[in-house]
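First comes the structure, then the notes that go with it.
Number of protein chains: 2
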Amino acid sequence: VTTTPRRFKLIVAYDGGPFAGWQSQVHGNTIQDHLERAIRKVSGESARVHGSGRTDTGVHALEQWAHFDLNKSRLSPSELQKALNATLPGTIRIFRCSIAPPTFHARFSVKSKAYRYRIWNAPVLPPAELGRAWHVTKPLNIMLMKSALARFVGRHDFAAFSANPGRKREETIRTITSARLTKKGACVAVEIEGDGFLYKMVRMIVGALVLHNEGKLALTEISRALDQASGNAQRLVAPASGLFLRRVRY
Amino acid sequence: VTTTPRRFKLIVAYDGGPFAGWQSQVHGNTIQDHLERAIRKVSGESARVHGSGRTDTGVHALEQWAHFDLNKSRLSPSELQKALNATLPGTIRIFRCSIAPPTFHARFSVKSKAYRYRIWNAPVLPPAELGRAWHVTKPLNIMLMKSALARFVGRHDFAAFSANPGRKREETIRTITSARLTKKGACVAVEIEGDGFLYKMVRMIVGALVLHNEGKLALTEISRALDQASGNAQRLVAPASGLFLRRVRY
């Protein structure tokens, strides 16, 4: 008798602080490594976990998606969820576990992704915000930042707002479908959604908003960098700690 | 020439997780120890720091107050604040530093204190709530908890809701001036204010609310324990991680 393998999909949340990012590494302290070890422990099977994409060291996820296949285990999705949460560190939590069709792929089936970037704009950073926001002490002008953010919406070549601009041109074209900026007390949040993001792209867009706020990057320079994909304008990568993968749509 | 010593008062916030409580200990990893070391480093003077009261290991503070005296230092309060924040770990932050009259005493001058206790009532605890809430998975009945909480308001003998009930009766009488319970999503917050709190008193009141919710402690038993200061009723100490010193009034 052969059993059909079952494909499971997961919604995973994590605090990026204690881990070396998503992608498996030799030292084993990544989200993917922790998930694969936990799956092996609770199911007895070695499965490869596929995420919707990588997140860097220090980047958080409110809703990361992943899938993996099991061949022999008889655990139900809800048993699996409970067992994984009992095994994983509290900084990685499975919020949902369900059966997916074999055609579902956590990375290739992605329609869009949404990120949140949090800035704490006040003289002192509260202990609860440590590692969960970018601490900017100089007062931010929300209107200025909003006008800069609006420039990024639409279909553009984001080579100038990516950490590896060596890629071929057609590979750096992405569409940002929505972007908004809100301020609640000291917390400035940038919400950005699109069909895909290049390496460090969200952090470089947020860096550009802050450079514009400081008078170091004009709106015309942002537009030119987007039109010509030129990397000549000032660049600033906002720290990883403020970035949250908020949602993935399929 | 002799200089008059200056008394400084501080508003301090901290994440209780990494520290062994407020009160100085030999190993030196308490909030008081960190503050005293930082003051010595930035002013060159050894000062004793007096807090509004102790907090236990794992208990957080949004607004703890403290005072200390300096004899020779010429640092202004705002210079002192900046220097202390540059020296202290990011999990301890000085939100305000000012000159206080010599009659001000952080502990003896307290008029009232307010605490917040946070319960996360959902099947899975989000990574961001780890160490910052009590994770209760069984659904809580807010109305039941509110009626139990109301019993504690007023002047009572709280010996039965304290971890050292060996004290003399008159020493365990306290007045709770206000108490309310709110629910926002999965977060149930108990806000409680009074003229003073016994050791573990807030955590035992919250424990009583949850016991009442589970049908293990009747309203009449709570009232009897308060009237007779008897320790016969079921007792439960809610974990330290959910407790926040929220405000001190002078």
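As given, the protein sequences belong to chains A and B, one line each in that order.
This note's numbering applies: residue 1 is where the first sequence begins, and numbers increase by one.
This note's numbering applies: residue 1001 is where the second sequence begins, and numbers increase by one.
Where a beta carbon is used, it is the ideal one built from N, C-alpha and C, also for glycine.
| query | result |
| --- | --- |
| Any chance the stretch 1037-1046 of chain B sits against the stretch 1068-1077 of chain B, with 3 or more Cβ pairs inside 8 Å? | yes |
| Just verifying my parser: in three-state terms, what is the DSSP assignment at ALA86/A? | helix |
| Is it true that the CB of ILE1205/B sits closer than 9 Å to the CB of LEU1149/B? | yes |
| Hey, which unbroken runs of the alpha helix (DSSP H) at 4 residues or more fall wholly within the stretch 1091-1173 of chain B? | 1142-1152 |
| Distance, Cα to Cα, LYS200/A vs GLN1025/B? | 44 Å |
| Under 8 Å by Cβ, that's how I've got ALA61/A and PHE244/A pegged, so tell me the actual separation to the nearest angstrom. | 7 Å |
| Excluding sequence positions up to five away, which residues of its chain have a Cβ less than 6 Å from the Cβ of LEU1258/B? | It is not possible to answer for residue 1258/B, since the shown part of chain B is limited to 1001 through 1250. |
| I need the boundaries of the beta strand (DSSP E) containing HIS60/A, first residue and last residue. | 60-70 |
| Looking at chain B, which residues of the stretch 109-125 of chain A have a Cβ within less than 8 Å of any of its Cβ atoms? | VAL124, LEU125 |
| Any contact of the stretch 1076-1091 of chain B with the stretch 1027-1040 of chain B, i.e. 3+ C-beta pairs under 8 Å? | yes |
| Might you give, ordered along the chain, the residues of its own chain that have their beta carbon closer than 6 Å to the beta carbon of LEU1211/B, omitting 5 neighbours on each side? | LEU1217, GLN1234, LEU1236 |
| Taking 9 Å as the threshold (beta carbon to beta carbon), is HIS27/A in contact with chain B? | no |
| Distance check for ILE92/A and ARG1246/B, CA to CA, integer angstroms please. | 29 Å |
| Do you know how far the Cα of HIS50/A is from the Cα of HIS27/A? | 19 Å |
| If you compare alpha carbons, which of VAL1188/B, ALA1133/B, LYS1113/B, GLY1016/B is closest to SER1178/B? | LYS1113/B |
| Which bits of chain A does TYR1250/B rub up against, with CB to CB less than 8 Å? | Simply none; closest approach about 21 Å. |
| Between which two residues does the alpha helix (DSSP H) holding GLY207/A run? | 201-213 |
| I'd like the span of the alpha helix (DSSP H) that includes GLU1221/B, first residue to last. | 1219-1228 |
| Identify every residue that forms a DSSP beta bridge with LYS1184/B. | CYS1187/B |
| Can you have a look at THR1182/B and say buried or exposed, based on whether 16 or more other CB atoms are within 10 angstroms of its CB? | exposed |
| Let's test the definition: count the other Cβ atoms within 10 Å of the Cβ of TYR1117/B and tell me whether it reaches 16, buried, or not, exposed. | buried |
| For GLU79/A, name the three-state secondary structure that DSSP assigns. | helix |
| Of the choices PRO1101/B, ALA1240/B, VAL1153/B, ILE1011/B, whose alpha-carbon is the least far from that of SER1223/B? | VAL1153/B |
| Over the uninterrupted beta strand (DSSP E) stretch that includes LYS1009/B, give me the two end residues. | 1006-1014 |
| Among all the DSSP beta bridges, which residues are the ones paired with GLU1193/B? | ALA1114/B, SER1178/B |
| Under the rule that 16 or more other beta-carbon atoms within 10 Å means buried, what is THR137/A, buried or exposed? | exposed |
| In chain order, what residues of the same chain lie with their CB nearer than 8 Å to the CB of LEU88/A, ignoring the 5 residues before and after it? | HIS34, LEU35, ALA38, ILE94 |
| Evaluate VAL145/A with the Cβ neighbour count: other Cβ atoms within 10 Å of its Cβ, from every protein chain shown; 16 or more gives buried, anything less gives exposed. | The sequence shown places Met at residue 145/A, not Val. The residue is buried, with at least 16 neighbouring Cβ atoms inside 10 Å. |
| Please tell me whether GLY90/A has its Cβ less than 9 Å away from any Cβ of chain B. | yes |
| Using the beta-carbon count (16 or more within 10 Å), is ASN1213/B buried or exposed? | buried |
| Please classify LEU1198/B: does DSSP put it in a helix, a strand, or coil? | coil |
| In this structure, how does DSSP classify VAL49/A when only helix, strand and coil are distinguished? | coil |
| For GLY53/A and GLY196/A, what's the separation of their Cα atoms in angstroms? | 10 Å |
| Flag TYR14/A as yes if its beta-carbon sits less than 9 Å from any beta-carbon of chain B, otherwise no. | yes |
| Going by DSSP, name the residue or residues bridged to VAL248/A. | LYS113/A |
| CB ASP1015/B to CB GLY1131/B, shorter than 9 Å? | yes |
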